[in-house]
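Q: The following block contains the structure, expressed as structure tokens.
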Amino acid sequence: MPKCPTCGQEVSLPDLIVAIEMLRTVTLRELEVLGYAMEGCTNKTIASCLGCSEHTVHAHTQRVYVKLGVHSRTEAVMLCLKLGLLKL
Numbered sequence: 646m647p648k649c650p651t652c653g654q655e656v657s658l659p660d661l662i663v664a665i666e667m668l669r670t671v672t673l674r675e676l677e678v679l680g681y682a683m684e685g686c687t688n689k690t691i692a693s694c695l696g697c698s699e700h701t702v703h704a705h706t707q708r709v710y711v712k713l714g715v716h717s718r719t720e721a722v723m724l725c726l727k728l729g730l731l732k733l
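This note's numbering puts the sequence shown at residues 646 to 733.
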């Protein structure tokens with residue numbers, strides 16, 4: 646079984662392909678927003694930390710949902726953790 650280039654864990658080939666595609670489409674800022682979301686931060690807190698508006702944080706979050714094919718912060722964070730895009 647191949648190993649994930651990000652975290653070194655063994656992953657199935659379809660998961661590896663999905664992870665690579667996500668790395669190509671999800672921006673660093675979107676991952677940064679997800680990192681704060683993983684810590685339980687609200688949009689208001691994330692906006693304050695990043696120096697942007699709550700609307701911008703919401704827009705980043707919505708784009709991530711579309712790119713990852715998920716419907717919630719929890720799903721987005723769990724998928725990114727599974728694929729090694731985020732770490733605890």
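We put the CB at the ideal spot given by N, CA and C, even for glycine.
So Cys-762 is in the alpha helix (DSSP H); what residue range does that whole segment cover?
A: Since the displayed the chain opens at 646 and closes at 733, residue 762 lies outside it and no answer follows.
Q: Classify His-705 as buried or exposed, calling it buried when 16 or more other Cβ atoms lie within 10 Å of its own Cβ.
A: buried
Q: So the candidates are Val-671, Gly-653 and Val-678; which of them puts its Cα closest to the Cα of Arg-718?
A: Val-678
Q: Do the CB positions of Val-722 and Met-683 come within less than 9 Å of each other?
A: yes
Q: Give me the Cα-Cα distance between Cys-725 and Gly-714, rounded to the nearest whole angstrom.
A: 12 Å
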